[in-house]
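Take a look at the structure below.
Residue numbers (this note's numbering): 8 to 257.
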């Protein structure tokens, strides 16, 4: 029997401005499943949306193979998407009750990034940090269509989302398969982190610290700045694989 070994740690903070934390996260190293969700909606609607995603995946039982597991997650989120759309229709003037979702699922030598919205997943490998998701916002749309960085920076809707769970009855969840190697580190975060801390700063911290200490340092750096939004960071480290001769040690 071959086992894959992970260590992980996550933390969330309301930030300095917001009164309610509408972020939520999952850190299930034993199930090899990690999630960051950033809720949106008036009052506590965003908090409800992000926690609905967490609750659904907390009880999710992976299949024996990767494809059916991904399909199962897709169905869970599609159901939540419809529920949130229905709730928004019943509300008084509430246009959207929704949440982003950035999910990392590992299986054998592969992992799958699943996402909707602008919560991110990064891969830190051999000292370099690279974003493996693409933000589902208007800025990404403008970049793909050749708009200059100067014009994008001045655009009032650049950070507006183009996809999120609950934003539209036409459900959209993007997926990317990534081969994993021993030593790989994945970082999932809400956009509250990216508003305050640059990628190169995150990279520098991950180069020199252990997992828990690194997450704590990243959060501390964010809070030393404006921390205008809720902030969530989850980091998971793929230690490697080990082979068990037998399950009972004999």
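The C-beta atom is built at its ideal place from N, Cα and C for all residues, glycine as well.
Starting from the Cα of residue i, find the closest Cα among the options and give me that residue.
| i | options | result |
| --- | --- | --- |
| residue 103 | 168, 138 and 129 | 168 |
| residue 237 | 246, 223, 210 and 201 | 201 |
| residue 73 | 186, 242 and 226 | 186 |
| residue 212 | 199, 229 and 12 | 229 |
| residue 33 | 46, 23, 18 and 25 | 18 |
| residue 69 | 56, 83 and 57 | 83 |
| residue 51 | 98, 209 and 217 | 98 |
| residue 38 | 12, 20 and 26 | 12 |
| residue 208 | 219, 224 and 218 | 224 |
| residue 216 | 89, 71, 131 and 188 | 131 |
| residue 210 | 233, 227 and 133 | 133 |
| residue 87 | 188, 62 and 75 | 62 |
From residue i to residue j, what distance separates their C-alpha atoms?
| i | j | result |
| --- | --- | --- |
| residue 153 | residue 146 | 11 Å |
| residue 107 | residue 249 | 35 Å |
| residue 206 | residue 44 | 20 Å |
| residue 111 | residue 96 | 31 Å |
| residue 166 | residue 123 | 14 Å |
| residue 231 | residue 135 | 24 Å |
| residue 116 | residue 54 | 34 Å |
| residue 199 | residue 36 | 24 Å |
| residue 137 | residue 21 | 26 Å |
| residue 89 | residue 26 | 28 Å |
So, is residue i buried or exposed, given that buried needs 16 or more other C-beta atoms within 10 angstroms?
| i | result |
| --- | --- |
| residue 190 | exposed |
| residue 15 | buried |
| residue 59 | buried |
| residue 28 | buried |
| residue 195 | buried |
| residue 214 | exposed |
| residue 77 | buried |
| residue 30 | buried |
| residue 114 | buried |
| residue 246 | exposed |
| residue 203 | buried |
| residue 171 | buried |
| residue 125 | buried |
| residue 257 | Residue placement at residue 257 is poorly supported in this model, since its pLDDT is 48, which falls under 50; the coordinates still yield a value, given next. Residue 257 comes out exposed. |
| residue 10 | exposed |
Check whether the Cβ atoms of residue i and residue j lie closer than 7 Å to each other.
| i | j | result |
| --- | --- | --- |
| residue 221 | residue 173 | no |
| residue 151 | residue 128 | no |
| residue 192 | residue 143 | no |
| residue 119 | residue 184 | yes |
| residue 140 | residue 197 | no |
| residue 57 | residue 46 | yes |
| residue 92 | residue 176 | yes |
| residue 64 | residue 94 | no |
With respect to 6 Å, is the separation between the Cβ of residue i and the closest non-hydrogen atom of the ligand SAH below this value?
| i | result |
| --- | --- |
| residue 199 | Looking for the ligand SAH in the displayed structure turns up nothing, as the structure carries no ligands at all. |
If you measure from the beta carbon of residue i to each beta carbon in chain D, is any gap under 7 Å?
| i | result |
| --- | --- |
| residue 84 | Looking for chain D here will not work: only one protein chain is present. |
Could you round the C-beta distance between residue i and residue j to whole angstroms and report it? I think they count as a contact, below 8 Å.
| i | j | result |
| --- | --- | --- |
| residue 24 | residue 235 | 5 Å |
| residue 178 | residue 85 | 5 Å |
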